[in-house]
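There are 2 protein chains.
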Amino acid sequence: MLGISKSTVSRALAGRSDIHPETKRKILDLASQLQYEPNTLAINLKQQKTNTIGVIVPETINRFFARAIGGIQKQADMAGMNVMICQSNESYIAEKKNLHSLVSSRVDGIIVSISTETDRSDHFVSLTEKGIPLVFFDRVFEDIVASQVVTNNYEIAMEGTEHLIKQGCKRIAFVTGPEHLFNSRSRLSGYLDALRKHNVQVKDSYIVHSHYRSDKVEEYTRYLLNLPQRPDAIFAINDYAALEMIHIMKKSGLRIPQDVAVLGFNNENLCRFVEPSLSSIDHPAHDIGASAAEILINHIRHQDLKPEKRVIKSNLIIRESTEVK
Amino acid sequence: MLGISKSTVSRALAGRSDIHPETKRKILDLASQLQYEPNTLAINLKQQKTNTIGVIVPETINRFFARAIGGIQKQADMAGMNVMICQSNESYIAEKKNLHSLVSSRVDGIIVSISTETDRSDHFVSLTEKGIPLVFFDRVFEDIVASQVVTNNYEIAMEGTEHLIKQGCKRIAFVTGPEHLFNSRSRLSGYLDALRKHNVQVKDSYIVHSHYRSDKVEEYTRYLLNLPQRPDAIFAINDYAALEMIHIMKKSGLRIPQDVAVLGFNNENLCRFVEPSLSSIDHPAHDIGASAAEILINHIRHQDLKPEKRVIKSNLIIRESTEVK
DNA sequence: AATTTTTCCGAGACCGTTCCCGGGAACGGG
DNA sequence: CCCGTTCCCGGGAACGGTCTCGGAAAAATT
């Protein structure tokens, strides 16, 4: 329309300097008048990069991951990058499909928190071969050579357990995730080591391996309550489970925390508003996500960096539900 | 490597019929051996469609939207489409940026729930000009000609208010969203009409226009409690706010529901587990999202369809927090 | 005035696919 | 034996941009 070559138009739109100001103005004016939107597909195809980072999480409905995604997005925004979010729905197959889809879309790098079902890492090794940067967060593999952002699961589980012991609890139940997840195992060791350190007897029947999905809470709560030696404290897998357990136990006439102390996980907002207010582990989801994104973006910009492992500290927040006194 | 033209390779990979089975097998074998991933960018560029639907929501940390996205994703999966999620963070500018980004990425259609700040719809009109299908859900414009999926806000607010009136409440406070949102206005009219219908006095001081962001809960709760005529019922903006309000009121020595009945919104899981259990409006977020996606996909497939408006019914769930007697 | 430098622009290859079109080989029927 | 079909396959344009290269005109230098 302007009798100008597409090279020049490209120059104007890309804001490059080797173009006459007058010409540039004319192009820009016409572009905005026509509501021209550059075709990202074409640009990405030509540039061989997409400026987007792919994210695979088990499910965004989970507040921990929702907050982590918030952190990722914030970092991405600052770096001028886009984010593409996939959910594995805790399924190995879906996770694999997500991965293919992201690779096909030519994302510049990928951030993953693996699904409950995932017990092998073969689908990720091809990424490193292809030179696609990869960062795991929270739910990670211990053996794979890739960057990782995790919390100090072992230490915080230990600290939480010790807190319960100091409250005078002797029969501490521990609800954790699937055994094959590194996370669950770390927390479990922290719990076990705390018991041993303080000469509290370890009983296998007090250890429950649950899924993160919460539809089994009632089942294992009843199981724990019906044990010959009922626990006097429960370290729950997350705050929602803790809340439900408290509800069930109250109905059974148990007092919280006098009869059973309850310690949650994640420190959701609701912890402060329930009765009794819920002690919990503050899990800095946002920071974890932000860190993962930061590392990934670094690796995208400098391909030759070594994998980095970062540990973000969680904090024990003590409230009424564990103040036995 | 096979001495075969790219046309033939394309035929094999696309699973078309005009190719010799033997040739096809050889291509497929080599492809999987080389871990070949077709370049979605190039395909989309050539096809002039991306098979993805764009979604803009205020924030995914909000469980309502997280669940709606779940519904969208489910429908998209069934249709073999992808989903690209953007957050406006309740900001008009970010919403506009998201929109540009999605259009630039050439998504086939867009689903939007507008931000709190958004009070005009000009940025959406250009979409219809470009022929990009558009569906709003929950937070919609009333005037724009586009498909919409909403709940029966007016009716359910009316029903909820009537329920409170039947419990003997005379001074019913109503906390709702920003005035310029259609949603808020509909709910408000439902509330007002219920009061008028039952000859309950309407008092402006009982109406609080809040943001969906929850950092003002304590402020307006104190405001309501300090009114000369303290309300004897509160219809809250959502369950989390309701929970926090209950917490504050209990601390002030008020009994729920005897002194103040509280009705929440969204029917989160926690409603069942708190004390007193929380009456709420069950907001079928998943179905709303699924409906929006269904309509959008229809419009993508058949460009000439008329805009469709769908109403999904919410349900009043009565629990202890409003059982005054 | 001649030469060099700078400024600005156009031509065209290229990114990785799809798809139209055309054509050769094999096959079948008359 | 000839001709029409069918079956496969290759060539090459196209999608919408970027980017390198080269060159003309203008400006600056000698």
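Protein sequences appear in the order of chains A and B. Position one of the first sequence corresponds to residue 1 (my numbering), numbered consecutively onward. Position one of the second sequence corresponds to residue 1001 (my numbering), numbered consecutively onward. Note that CB positions come from ideal geometry on N, CA and C, so glycine has one too.
Given this structure, state the Cα-to-Cα distance separating residue i from residue j, to the nearest angstrom.
i, j, result
"serine 277/A", "serine 321/A", "6 Å"
"isoleucine 297/A", "serine 291/A", "10 Å"
"tyrosine 240/A", "glutamate 275/A", "13 Å"
"serine 1010/B", "threonine 1023/B", "12 Å"
"valine 995/B", "alanine 1233/B", "It is not possible to answer for residue 995/B, since the shown part of chain B is limited to 1001 through 1325."
"lysine 72/A", "phenylalanine 182/A", "It should be noted that the sequence gives isoleucine, not lysine, for residue 72/A. Each residue's alpha carbon lies about 22 Å from the other."
"serine 1252/B", "leucine 1224/B", "12 Å"
"threonine 8/A", "asparagine 44/A", "19 Å"
"isoleucine 1061/B", "serine 1005/B", "49 Å"
"proline 1058/B", "serine 1091/B", "8 Å"
"histidine 1020/B", "alanine 1012/B", "9 Å"
"isoleucine 1053/B", "phenylalanine 265/A", "35 Å"
"proline 228/A", "arginine 171/A", "12 Å"
"glutamate 1179/B", "alanine 157/A", "47 Å"
"valine 1324/B", "valine 1175/B", "20 Å"
"arginine 272/A", "alanine 1285/B", "26 Å"
"aspartate 1204/B", "glutamine 1258/B", "23 Å"
"glycine 1168/B", "leucine 195/A", "54 Å"
"aspartate 397/A", "serine 189/A", "Outside the modelled stretch of chain A, which goes from 1 to 325, sits residue 397/A, for which no answer is possible."
"asparagine 82/A", "asparagine 226/A", "51 Å"
"valine 1145/B", "serine 1121/B", "11 Å"
"serine 184/A", "isoleucine 1246/B", "35 Å"
"alanine 1329/B", "lysine 46/A", "Examination of residue 1329/B is not possible in this model, given that chain B is present from 1001 through 1325 alone."
"isoleucine 1093/B", "glycine 80/A", "16 Å"
"aspartate 119/A", "threonine 1221/B", "48 Å"
With distances taken between CB atoms, is the gap from residue i to residue j smaller than 8 Å?
i, j, result
"valine 1112/B", "phenylalanine 1136/B", "yes"
"isoleucine 56/A", "serine 105/A", "no"
"tyrosine 212/A", "isoleucine 237/A", "yes"
"isoleucine 110/A", "arginine 139/A", "no"
"glycine 177/A", "serine 210/A", "yes"
"isoleucine 281/A", "glycine 160/A", "yes"
"histidine 198/A", "glutamate 155/A", "no"
"phenylalanine 1065/B", "histidine 1283/B", "no"
"isoleucine 300/A", "isoleucine 1085/B", "no"
"valine 1208/B", "leucine 1192/B", "no"
"leucine 1305/B", "phenylalanine 1235/B", "no"
Which same chain residues end up closer than 7 Å to residue i when comparing Cβ atoms and leaving out the 5 residues on each side of it in sequence?
i, result
"leucine 1002/B", "Lys1026, Ile1027, Leu1030"
"asparagine 152/A", "Val311, Lys313, Ser314"
"histidine 123/A", "Lys96, Leu99"
"proline 231/A", "Arg171, Ile172, Ala173, Tyr206, Leu224, Val260"
"aspartate 1287/B", "Gly1071, Ile1312"
Could you pull out every residue in the same chain whose Cβ sits closer than 6 Å to the Cβ of residue i, ignoring the five residues on either side in sequence?
i, result
"isoleucine 396/A", "Lying before the first or after the last residue shown, residue 396/A is absent from chain A, which here runs from 1 to 325."
"arginine 255/A", "none"
"glutamate 1268/B", "Asp1239"
"glutamine 1075/B", "Ala1290, Ala1293, Glu1294"
Among the options, which residue has its Cα nearest to the Cα of residue i?
i, options, result
"lysine 1049/B", "Leu41/A, Gly54/A, Gln48/A, Asn51/A", "Leu41/A"
"alanine 1068/B", "Asp1215/B, Val1150/B, Ile1281/B", "Val1150/B"
"glutamate 117/A", "Ile132/A, Leu127/A, Phe141/A, Val107/A", "Phe141/A"
"threonine 128/A", "Asp119/A, Leu99/A, Ile156/A, Tyr154/A", "Leu99/A"
"valine 1107/B", "Asn1051/B, Phe1124/B, Gly1080/B", "Asn1051/B"
"valine 1200/B", "Ala1014/B, Ala1173/B, Arg1016/B, Ile1085/B", "Ala1173/B"
"proline 1038/B", "Gly15/A, Ala242/A, Ser101/A", "Ser101/A"
"tyrosine 1036/B", "Lys130/A, Asp304/A, Lys166/A, Arg187/A", "Lys130/A"
If you drop the 5 nearest sequence neighbours on each side, which residues of the same chain put their C-beta closer than 8 Å to that of residue i?
i, result
"isoleucine 132/A", "Val103, Val107, Asp108, Gly109, Ile110"
"lysine 250/A", "Ile256"
"glutamate 1218/B", "Glu1244, Ile1248"
"arginine 319/A", "Cys271, Arg272, Pro276, Ser277, Leu278, Ser279, Ser280"
Query raised in the report: For the segment 1008-1035 of chain B, which residues have a CB atom closer than 7 Å to at least one CB atom of chain A, in sequence order?
Result: Gln1035
Report task. Please name the residues in the segment 266-283 of chain A whose beta-carbon is closer than 7 Å to at least one beta-carbon of chain B, in chain order. Result -> Asn269, Leu270, Phe273, Val274, Glu275
Report task. Taking only beta carbons into account, state which residues of the segment 157-172 of chain A come closer than 7 Å to chain B, listed in chain order. Result -> none
Requested in this report: Select from the segment 85-100 of chain A all residues with a C-beta closer than 8 Å to any C-beta belonging to chain B, and list them in chain order.
Outcome: Ile85, Gln87, His100
Query raised in the report: the segment 1040-1062 of chain B: which residues have C-beta closer than 7 Å to a C-beta of chain A, in chain order?
Result: Thr1040, Leu1041, Ala1042, Asn1044, Leu1045, Thr1060, Ile1061
Query raised in the report: Of the residues that make up the segment 67-81 of chain A, which ones have a beta carbon closer than 7 Å to any beta carbon in chain B?
Result: Arg67, Ile69, Gly70, Gln73
Query - Members of the segment 228-249 of chain A that neighbour chain B once the beta carbon cut-off is set at 7 Å - result: Within the segment 228-249 of chain A, the qualifying residues are Tyr240, Leu243, Glu244, His247.
**Report entry** Cβ-based contacts, 8 Å cut-off: residues of the segment 134-155 of chain A near chain B
**Finding:** Here the close residues number zero.
Query - the segment 1102-1120 of chain B: positions lying closer than 7 Å to chain A by Cβ - result: Val1103, Ser1104, Ser1105, Arg1106
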